[in-house]
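Read top to bottom, the protein sequences are chains R and P. Sequence positions in the first sequence follow our numbering and run 1 to 599. Sequence positions in the second sequence follow our numbering and run 600 to 1198. The beta-carbon is built from N, C-alpha and C at its ideal position, and this holds for glycine as well.
2 protein chains.
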Amino acid sequence: MHDYAAPLRDMHFILRELAGQDAVSALQGFEDATPDVVEAILDEAGKFAAGVLGPINARGDVQGCRLDADGRVVTPDGWKEAWDRFVEAGWTGLSLPLEFGGQGLPKLVSTPVWEMWFATNMAFAMLPQLNVGQAEALLIAASDELKQTWLPKVVSGEWGSTMNLTEPQAGSDLAATRTRAEPAPDGSFRLFGQKIFISYGEHELTSNIVHLVLARLPDAPAGVKGLSLFLVPKFLLDADGNPGAKNDVRCIAIEHKLGIHGSPTCTMSYGDAGDAGGAVGWLVGGPNRGLETMFIMMNEARFGVGVQGAGLGERAYQLALGYARERVQGRDAITGEAGQPILHHPDVKRMLLSMRARVMAMRALLYTAAGWFDFAEHHPDAALAAKCRRYVDLLMPVAKGWCTEVGQQVCSDAIQVFGGMGFVEETGIAQFARDARIITIYEGTTGIQANDLIGRKILRESGETLRELIADLHATAATLREEAELGSLADGFADSIIAVERAAEWVLANGKERFAEVLAGAVPFLHLLGITCGAWQMARVALAARRRLAAGQGDPVYLASLVELARFYIASFGPQAAACSQAVREAGGPLIRFDAAAF
Amino acid sequence: MHDYAAPLRDMHFILRELAGQDAVSALQGFEDATPDVVEAILDEAGKFAAGVLGPINARGDVQGCRLDADGRVVTPDGWKEAWDRFVEAGWTGLSLPLEFGGQGLPKLVSTPVWEMWFATNMAFAMLPQLNVGQAEALLIAASDELKQTWLPKVVSGEWGSTMNLTEPQAGSDLAATRTRAEPAPDGSFRLFGQKIFISYGEHELTSNIVHLVLARLPDAPAGVKGLSLFLVPKFLLDADGNPGAKNDVRCIAIEHKLGIHGSPTCTMSYGDAGDAGGAVGWLVGGPNRGLETMFIMMNEARFGVGVQGAGLGERAYQLALGYARERVQGRDAITGEAGQPILHHPDVKRMLLSMRARVMAMRALLYTAAGWFDFAEHHPDAALAAKCRRYVDLLMPVAKGWCTEVGQQVCSDAIQVFGGMGFVEETGIAQFARDARIITIYEGTTGIQANDLIGRKILRESGETLRELIADLHATAATLREEAELGSLADGFADSIIAVERAAEWVLANGKERFAEVLAGAVPFLHLLGITCGAWQMARVALAARRRLAAGQGDPVYLASLVELARFYIASFGPQAAACSQAVREAGGPLIRFDAAAF
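Right, dumping it as structure tokens:
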């Protein structure tokens, strides 16, 4: 299998030309993120990904994890060494505050780094991803005492992190959560209950594991407004702050899954030891405010899962390209020449180009959104910061929902390029498709993302931010039109924008009286907005490439290829926007009328 | 897991209303296929599928096959018993001639039966599928002596069958075949070479295995025109025609695959025993005419693989529906009511309805095509028979290519309905997606099907049959328009037809000068034609349902649901036709211009 090569050229192009790297590094607190530093970080990350994480990815898939009779979870060979090196290099705290031992770098810089981790070893990278999400939640919601006690070692990666939401009867519906927390006289709590699907719920990679657990206080109101969040460690700390007595929490089972075998998915039992009297925990944030806090962690995780889509897609693309360059088969359809690699066949080139175009579109949207994150939190211009926050909020479900769906398709296409060899597990490409199958499900399914988009992000504010976005899309189309070379791109892109407008009008007009029909179109709407935002970013890629070509800056072959890539994206995927738009507007009626008894 | 329930109501509706069951049973030789007989056969097949094949499907996936040190391939527990019962019931010969022990039933009747086998246990059903394909090839090409010797036990299933095309360097490109055949003085041949990816190449389910092997005679011309076909048994026959001495052929490895674990995928070695002097075989058909004959078997298999798409999709749909009816989660988006199964959520209903609609569209197209097969071979009206042959030829790559792509999507959607549980292997739904991943690859990838469609089926005859088909599509749209209730359906369907026309015009206009661009659009064109043929069939479903409603025949709830199903299909999937059409016409340019060095 070909080694991973970090797509540094594409990454830097997007960071600089599309995502506002210069503006981000001009923000207060980010002055250290100079172009040289960013380049050095991405270089190092690329080496680490290719040299440390990639080589153990297939082994993690084959070996998987196992639960010993004594309740220990054994991770694949090499996991422990890789984790120690990861921690030693300080990667966990890359974007976390200096105050707690992090490096305080912008999200714009950490995002391509995460892409590399996910590309080379998603099952492994889920572990540090949990640390970052948990740190963000603790930073915002935890008391100073909890922060001082737990954060430094969560940031450093000395301890692991988990998030505990799901229970057998409470999957997408957290209102059904039953785990309960009883107050203890010393201000701590005792937790009782079972959580399922807990990634890295138990392992021996770290000397302690910090669980964040959703549970109900006595007399808590029903539903999601009665959920509180608790920090529950695997080991309680001794007087010196080191892991001491075992807490009353254990892993009672791990799942046998389609993919991400290297990541143990645990069923965790809290407070089932009988005499021990419950798992000791502390309240994070206010009582009954657990969901809010969990959503901080979850939103972080959702963006990260979107990045998984791009990362897995990139790696699958690289592997397919490597195969297509080496595998000789058939004759050239035009010249009849034999002995050509399959990349020469127009349909194989189509598959690879559509993989590359979609990965580039996802990456451009994700990095641009990472820049919005940074501006939202740090830009001195309050109006601009507020606009970036609105865009982040509106497009978070798209970044998660669309990039995961597309990432999955790209991984499946990679198998197709390999043909029969792709179906043989030893080839290694099937793993990417199996791993990728979870990303449209966890951290909120595509359906949940789409409902969030339609309900909370569009209808609740009567489409205000969406209209603001549409105006920006039109502005990009107008700029395209000014470039003689890019006029035809502008037409294709404009069709997608119109498709969004028509669907948005329909959604806003029918959001009240025909809400069920609107929800039936939520996923097609999410795809529509994703495709169009992808087209937007590819239009920006083309504009930036033309600008640099005109200025005589950079490799002209590369820059010209980016223009063709954008044209290909908009010709291949752009027209699907109109198709999704029509489905949004027309498929809900028959769907509602279809009698469920007739299924 | 819910037991399989053969979708008899849908099957009979399509057979009678769309696929011409009455006309087929009026054909000479098919008089026995009365409605009662067909109903009894489908009933029995449904019971066999649900009762015998379904229950061992998951076990086959978990156990898989293994190759013993002594070269024996061990199939999963229950495989042998199921096969014995399958043979005893005479299912193998359902559509094969009475003369050789078959039942001589039309393809129209065997097709739904195959759908049931594939739905419940695709890995198992690949075995009898090979017998049927091989029998068809021997019937057409083998000498009388070979037929008398081998056919009866291939038809009965007492012996197994294989097809041996692929070699490590010769996958899609059979021209690169190296296996050679040397003539022996007695008129037989000795084969030497290695074949890979041979389904059921070795096993102990049958007392003999009959291999059909592509190989080169000495002095054969290079390329595909130098391939001959040989019948090579596992055991040579003794004087009584029973399996005797072991032939010089053996399985040297089996693959570890993403899916269809119950089906052993073998590397077969011919003539490597040294002293034995090669594997004994007999020429089937003329020298250097092997590919032609193999294509008989392959065309049969391609249609069957299309049926796999529908079968896997149906079963995945049933399982997802069963889960969605039982899993309680969340509140009703409209009423706020709790305690509802997830089927109540509009997006879950959307997923299930889109699964059901696509399965119905595939089934309708496949059964209709099965009817064309029967008419092509048996109809007394030569013009009609010739037209049906043209349609079969034109649409075979669509039946294979489109139904497999759609079947895969449906199986993936089923996982999505299960959410997190879908990713857990024990749930059982992931197997269907893993099994389905091969169907767009084997028997010619989607790309190969699409090239066949564009090159051999459209350009070679300047689009003649395609134009004939388009006229039929317009006629159906016109009939829709005459039904006041179905007018809006007609508009949606007409858009798809126009999309086909525009793409076809472009392909025909550019097939010479811009052939590479045309080939780059081959797969989108295949999707376009598939979607539109699906819409055609769903339009016919709606028309037939309206007819029966108007006549007061049948269950009005069911019939009304079919009309809504057709509307949903055309609103959800119809608009993708225009998107594919645009991609065909516009994406090839940038694709060709994109410099492959810039990948």
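- For the segment 446-479 of chain R, the set of residues with a beta-carbon nearer than 8 Å to any beta-carbon of chain P comprises Thr446, Gly447, Ala450 and Asn451, in chain order.
- With respect to the 9 Å criterion, leucine 993/P and leucine 1068/P are classified as neighbours on the basis of their beta carbons.
- Between glycine 530/R and alanine 399/R, the alpha-carbon positions lie close to 8 Å from each other.
- Judged by DSSP secondary structure, cysteine 533/R falls within the alpha helix (DSSP H) whose first and last residues are 522-550.
- One Cα belongs to leucine 693/P, the other to glutamate 616/P, and the distance between them is close to 23 Å.
- At a Cβ-Cβ threshold of 9 Å, valine 1117/P and isoleucine 1053/P count as neighbours.
- Looking at the DSSP output, isoleucine 334/R bridges to nothing.
- One Cα belongs to glycine 861/P, the other to asparagine 656/P, and the distance between them is close to 8 Å.
- Any Cβ of chain P closer than 9 Å to the Cβ of serine 199/R would place that residue at the interface, and such an atom is absent.
- Of all residues in the segment 1102-1120 of chain P, the ones placed with a Cβ closer than 9 Å to any Cβ belonging to chain R are Phe1114, Ala1115, Glu1116, Val1117, Leu1118, Ala1119 and Gly1120, in chain order.
- Here leucine 528/R is buried. Its C-beta has 16 or more other C-beta atoms within 10 Å.
- A straight line joining the alpha-carbon of glycine 645/P with that of methionine 715/P spans about 7 Å.
- Of Arg671/P, Gly770/P, Gly905/P and Gly703/P, the smallest CA-CA separation from isoleucine 808/P is found for Arg671/P.
- Distance from the CA atom of alanine 551/R to the CA atom of threonine 476/R, rounded to whole angstroms, is 20 Å.
- Listed in chain order, the alpha helix (DSSP H) elements of length 4 or more contained wholly in the segment 818-896 of chain P amount to none.
- In chain order, Gly447, Ala450, Asn451, Leu519, Ala520, Ala522 and Val523 make up the part of chain R whose C-beta sits under 8 Å from the C-beta of aspartate 946/P.
- Residue pairing by DSSP places histidine 211/R opposite Thr162/R and Val232/R in a beta bridge.
- For isoleucine 1037/P, the residues of chain R that pass the 7 Å Cβ criterion are Phe423, in the order they occur in the chain.
- One finds Gly1019 in chain P with Cβ atoms closer than 8 Å to the Cβ of threonine 166/R, taken in chain order.
- In the DSSP assignment, isoleucine 196/R falls within the beta strand (DSSP E) that extends over 189-199.
- Within chain R, no residue has its CB atom less than 9 Å from the CB of isoleucine 853/P, the nearest being about 11 Å off.
- Apart from the 5 residues on each side of it in sequence, arginine 1113/P has no Cβ closer than 6 Å to any other Cβ in its chain.
- Arginine 546/R places its beta carbon 9 Å or farther from that of valine 557/R.
- Residue pairing by DSSP places leucine 151/R in no beta bridge whatsoever.
- Between the alpha carbons of arginine 59/R and proline 76/R lies a distance of about 7 Å.
- Counting only Cβ-Cβ distances below 7 Å, glycine 157/R has no contacts in chain P at all, with the closest Cβ about 26 Å away.
- Each residue's CA atom was taken as its position, placing aspartate 68/R and valine 74/R some 7 Å apart.
- When 7 Å is used as the limit between beta carbons, serine 1171/P is near these residues of chain R: Ala583 and Ala587, in chain order.
- At a C-beta separation below 7 Å, proline 654/P has no neighbours in chain R, since its nearest C-beta there lies roughly 20 Å away.
- In the structure shown, leucine 704/P adopts coil according to DSSP, grouped into three states.
- In the structure shown, the three-state DSSP call for alanine 361/R is helix.
- Residue nearest to serine 742/P within the set Cys664/P, Gly873/P, Ile941/P and Gly884/P is Gly884/P (criterion: CA-CA distance).
- Closest by C-alpha distance to alanine 1029/P, out of Glu1042/P, Ser760/P, Arg914/P and Ser1061/P, is Arg914/P.
- For the pair threonine 440/R and glutamine 408/R, the CB atoms are nearer than the 9 Å cut-off.
- Among the CB atoms of chain P, none fall inside 9 Å of the CB of glutamine 537/R.
- Boundaries around glutamate 44/R are those of the alpha helix (DSSP H), 35-48, since no beta strand (DSSP E) includes it.
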